[in-house]
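Take the sequence shown: its letter number 31 is residue 201 in our numbering, and every next letter is one higher.
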Amino acid sequence: VYNVPGRTVADLGTDTVLLLAQLPGVVGIKDATSDLVRHVDLMRRLPKSKSFALLSGNDDTALAYMLLGGHGVISVTANVAPRAMADMCDAALKGRLDQARAANAMLMPLHTKLFVEANPVPVKWALAEMGLIGGTLRLPLTPLAAPHHDIVRAALREARCL
């Protein structure tokens, strides 16, 4: 289940997720609400016998989500800084809090600045800026607006990607 009300204008409440979790083909949630209170409530109300993946859908709250019992993140930032995101997640899930916090702090500029325009436009631009892909886009994507280049470039530098 993917709950992303910011893009769908539909929000799967906790009661709905609990009903969906009873279906055999529903094995987890990607929660892009950034609502950590809801996350804790869902964890509390899920049957203890139920194996159900709890994945953050927002990089900027992923560390908190994992520290509150989440299992990981489906990440935008990981497209640009996969090793650093994997290290942050690993540290969080293993309780190495100082390491997880430091990694998250380094990545926070990417967590936020990769959304100066609609995803995946800034990610595609960042990957091209890093020399990892060509600069060609196909519709409906359009190039990152020039005023955002320095913003994303600065975030790449802060995250040690450039």
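Glycine residues also receive a C-beta, built at the ideal position from the N, C-alpha and C atoms.
Problem - Same chain only: Cβ atoms within 6 Å of aspartate 211, ignoring 5 sequence neighbours per side - result: Residue 211 sits at position 41 when you count from the first residue of the sequence shown. Correct list, in chain order: Thr184.
Handout entry: Where alanine 223 falls: helix, strand or coil (DSSP)
Key = In the sequence shown, residue 223 corresponds to position 53, counting from 1. Three-state result, alanine 223: strand.
Practice task
May I ask which residues mark the beginning and end of the alpha helix (DSSP H) holding threonine 321?
Solution key: Looking up residue 321 in the sequence shown gives position 151. Per the sequence presented here, residue 321 reads as isoleucine, with threonine not at that position. Segment 316 to 328, the alpha helix (DSSP H) holding isoleucine 321.
Exercise for the section: Apply the 10 Å Cβ neighbour rule to methionine 255 and answer buried if 16 or more other Cβ atoms are within range, or exposed otherwise. Expected result: Taking the first residue of the sequence shown as position 1, residue 255 is located at position 85. Flag for methionine 255 reads buried.
Exercise for the section: Quickly, what does DSSP pair asparagine 173 with across the bridge? List them, please. Expected result: The residue given as residue 173 occupies position 3 in the sequence shown. Beta-bridge pairing links asparagine 173 to Asp201.
Problem - Cross-strand partners of valine 243 (DSSP beta bridge) - result: Taking the first residue of the sequence shown as position 1, residue 243 is located at position 73. Beta-bridge analysis with DSSP links valine 243 to Ser226.
Problem - Cβ-based burial, methionine 300 [other Cβ within 10 Å; buried from 16] - result: Here the question's residue 300 lines up with position 130 in the sequence shown. With fewer than 16 other Cβ atoms within 10 Å, it is exposed.
Problem - Identity of the residue in Val196, Ser204, Thr312, Leu224 nearest proline 175 by Cα - result: Locating residue 175 in the sequence shown gives position 5, counting from the first residue. The shortest C-alpha separation from proline 175 is found at Ser204.
Problem - Contact under 7 Å by Cβ, alanine 296 with leucine 326 - result: Position 126 of the sequence shown, counted from the first residue, corresponds to residue 296. Position 156 of the sequence shown, counted from the first residue, corresponds to residue 326. Yes, these two residues count as a Cβ contact at 7 Å.
Exercise for the section: Reducing DSSP to helix, strand and coil, say where lysine 294 ends up. Expected result: Within the sequence shown, residue 294 is the residue found at index 124, counting from 1. Looking at lysine 294 - three-state DSSP - the assignment turns out to be helix.
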